[in-house]
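*Asks:* Supplied in structure tokens, the structure appears directly below.
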Amino acid sequence: MTTLLKVSHFGAFGVYVASGGNIPLGAKHQALMALLSKADGGIRTRAFLENTLWNLAQPEQAKASLRTALSTLRRHLGREASQLLTANRERVVLDLDRVEILGGQENGEFMEGFELPHEVLFREWLMQERQGNSFDMPRRRAQIGGGRDYRRAVLDDLLPRIAVLPFVYRAPSHGTTPLGSMLSEELVRHLSRSQAFSVTSYLASRQFDPLSVRPTEVASIAGITYLVSGLVYVTGQEFRLKVDLQDARRERVLWSREYSGSLAELMVGDCDALQDVSQQISQTAVGEASRQVKFKPLANLDSHTLLMAAISLIQDMRPDQFNAAQDLLGVLLQREPGHPLALTWMGFWHVMRVQKGLSHDRQMDTQLATHLAASALNVDPSFSLAHTLKGMISSHLLFRFDLAQTSYDLALKDNPNEALALLLMGAMRAFQNAPDEAVEFTDAARRLAPLGPQRYFFDSVSATAQLSAGHFARALALADRSLMANRAYPSTLRTKAIALELSGRGEEARQVVQDLLLVSPDFTLSRYLSEHPAAITLRGRGWTRALRAAGVPE
């Protein structure tokens with residue numbers, strides 16, 4: 001690529017156009033360029049830059065100062081070189097592929113003689129750079145595998161951040177009952193188990209007065225995207241919860257909804273109302289992400305928006321929408337190279353490409369998914385979702401149930417609430433003629449409130465588990481619920497056709513097979529026998545006979 005900027009770190013700090021001419025910059029702009037040009041991938045969060053360069057300012061003032069500094073810096077860089085500097089609400093990025101770093105330690109001390117007298121955090125960063133940190137170019141470190149350290153502490157960086165304020169107790173009196181705090185604490189647990197959010201701890205949220213705090217105040221201190229607050233009323237042994245979900249940055253109420261539940265259920269840790277709240281918050285976050293990717297440039301979107309929109313599009317049966325998920329994940333991996341969560345979801349994209357019948361090369365997609373799972377586990381050897389991906393590849397694509405069992409066990413050892421691991425282990429038990437365990441695992445998975453768009457997939461797999469147990473009515477109910485959300489998912493249509501045929505409802509089964517052949521014209525019994533993991537089992541052979549009777553061509 002053509003070099004548009006040159007930066008000299010050692011000796012006198014300098015920024016130059018490609019031809020070598022010096023670009024005069026003020027102290028703060030030099031510091032900003034130093035922070036960006038030394039960052040892995042040229043990426044810094046706005047919060048880091050604001051705290052490091054305007055540590056003494058109020059949060060809103062620091063945000064405004066960074067916006068002004070970026071605008072002024074672009075003007076100094078000129079029309080062409082300013083294109084290297086991009087920013088969204090979350091990050092500021094300098095395209096290091098088109099920046100040449102000049103000289104080395106032989107030219108003198110790092111940023112020799114430079115200082116920002118009143119910025120303590122910048123001075124600390126500068127001292128660390130001068131006292132022996134490696135000065136290789138960040139993009140080179142990434143190329144050789146020494147880029148950003150994605151340890152477990154930052155695994156959820158790609159998830160939207162949410163805080164739950166203690167619910168305010170209103171009735172029957174304004175007493176000091178801990179019920180509001182109990183409900184908010186339980187909701188924090190539900191949201192954490194959903195793995196849809198990076199959830200601010202309940203104790204951290206208690207520092208804010210729920211009656212007077214402004215959402216932007218919580219957002220600036222806790223760095224959150226969404227804020228949950230509300231009121232609780234009690235009548236006898238029932239409670240009524242009024243919940244507000246707010247966009248904390250824009251101070252916009254996304255919705256206000258009412259839920260009810262039993263105090264007895266709450267006391268034993270089994271509260272359907274809070275599970276409903278968690279699911280609807282997750283669905284809203286995904287919906288917001290999907291809406292934003294339709295009209296905003298991808299470079300301007302937060303990383304968590306790209307991820308959640310991609311997860312949503314992976315569930316879509318339309319090839320153009322499904323392929324758009326790969327584009328979003330590709331942008332995300334350019335921004336966060338080597339992040340295990342992004343790598344893992346790209347792996348799931350390749351698996352689902354096969355599952356949906358959209359793959360043109362099953363073996364190639366299997367190999368790519370395997371490579372992505374290995375890459376994620378190379379970064380974090382215990383990462384439960386990556387082990388789940390590895391298990392899904394083994395059970396659903398390779399039919400190696402022994403390898404899949406090992407991977408699912410490792411996933412649940414790392415995270416006993418890994419819903420997808422429980423779900424897929426239930427599917428595998430259905431294939432292995434262990435129907436009771438299949439139902440147990442899939443029911444447990446659905447209780448863990450997965451991200452909204454995945455719900456159809458959880459219902460579809462659960463329908464297969466119920467089918468293996470001979471619970472045809474339950475299998476049909478779950479299949480119908482799955483089809484309401486995704487009417488063109490072949491696996492659900494297959495399960496429904498088999499359940500109808502085995503229930504003696506052959507005419508209805510044949511109609512469902514016609515629907516199946518409309519969405520998968522190439523589907524045949526021979527393809528089913530070669531590609532579906534159940535086909536190699538005794539139970540699967542019975543399902544094959546049911547599909548034949550329902551009209552699936554040989």
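Counting along the sequence shown from 1, when you hit position 67 you're at 67 in UniProt numbering, and nothing is skipped either side. Note that beta-carbon positions come from the ideal geometry of N, C-alpha and C, so glycine has one too.
For L274, does the count of other Cβ atoms within 10 angstroms reach 16, so buried, or fall short, so exposed?
*Replies:* Burial call: buried.
*Asks:* Any idea what DSSP makes of Q315, helix, strand or coil?
*Replies:* Here Q315 sits in coil by DSSP.
*Asks:* Alpha helix (DSSP H) containing T344: first to last residue?
*Replies:* Counting along the chain, the alpha helix (DSSP H) containing T344 begins and ends at 340-355.
*Asks:* Are E90 and D302 touching if we call contact CB-CB under 8 Å?
*Replies:* Yes, the Cβ-Cβ distance between E90 and D302 is below 8 Å.
*Asks:* Between the segment 58-68 and the segment 105-123, do at least 3 Cβ pairs fall closer than 8 Å?
*Replies:* The segment 58-68, when compared against the segment 105-123, does not touch it at the 8 Å Cβ threshold.
*Asks:* Report yes if the C-beta distance between L328 and L306 is below 8 Å; otherwise report no.
*Replies:* Yes, Cβ-Cβ distance for L328 and L306 is below 8 Å.
*Asks:* Is A479 helix, strand or coil when you go by DSSP?
*Replies:* A479 falls in the helix class under three-state DSSP.
*Asks:* For E129, which beta-bridge partners are listed by DSSP?
*Replies:* DSSP lists no partner for E129.
*Asks:* Between which two residues does the alpha helix (DSSP H) harbouring F441 extend?
*Replies:* Where F441 is concerned, the enclosing alpha helix (DSSP H) stretches over 435-447.
*Asks:* Please work out which residues of its chain come closer than 7 Å, Cβ to Cβ, to F472, disregarding the five sequence neighbours upstream and downstream, and give them in chain order.
*Replies:* The residues are A499, L502, S503.
*Asks:* Taking C-beta to C-beta, are E109 and F10 nearer than 8 Å?
*Replies:* Their beta carbons are under 8 Å apart, which means E109 touches F10 by this criterion.
*Asks:* Express the C-alpha separation of M428 and residue 555 in angstroms, rounding to a whole number.
*Replies:* Absent from the model: residue 555. The displayed extent of the chain is 1 to 554, so no value can be given.
*Asks:* So, do the segment 68-77 and the segment 120-129 have three or more beta carbon pairs nearer to each other than 8 Å?
*Replies:* No, the segment 68-77 is not in contact with the segment 120-129.
*Asks:* Go to D276, then tell me how far its alpha helix (DSSP H) extends in each direction, as first and last residue.
*Replies:* Element bounds for D276: 272-295.
*Asks:* To the nearest angstrom, how far is it from the Cα of A467 to the Cα of L35?
*Replies:* The sequence given here has Leu at residue 467, not Ala. Computed Cα separation, rounded: 58 Å.
*Asks:* Taking 8 Å as the threshold (C-beta atoms), are R249 and T284 in contact?
*Replies:* Contact: no.
*Asks:* What would DSSP say about W543, mapped onto helix, strand or coil?
*Replies:* Here W543 sits in helix by DSSP.
*Asks:* What is the DSSP secondary structure of residue 621, counted as helix, strand or coil?
*Replies:* Beyond the ends of the chain as shown, which are 1 and 554, falls residue 621; an answer cannot be given.
*Asks:* What does the alpha-carbon distance come out to for the pair R44 and L245?
*Replies:* Taking the straight line from one Cα to the other gives about 29 Å.
*Asks:* Would you tell me roughly how many angstroms separate the C-alpha atoms of S460 and S526, rounded to the nearest one?
*Replies:* Spanning the two alpha carbons is a distance of roughly 22 Å.
*Asks:* Would the segment 376-392 and the segment 406-426 be scored as touching if the rule is three or more Cβ pairs under 8 Å?
*Replies:* Verdict: yes, contact present.
*Asks:* Quick one: using the 10 Å Cβ neighbour count with 16 as the cut-off for buried, is A12 buried or exposed?
*Replies:* By the 10 Å Cβ count, A12 comes out exposed.
*Asks:* Counting only runs of 4+ residues fully inside the segment 477-531, write out the alpha helix (DSSP H) ranges in chain order.
*Replies:* Listed in chain order, the complete alpha helix (DSSP H) runs (minimum 4 residues) inside the segment 477-531 are 490-502, 506-519, 525-531.
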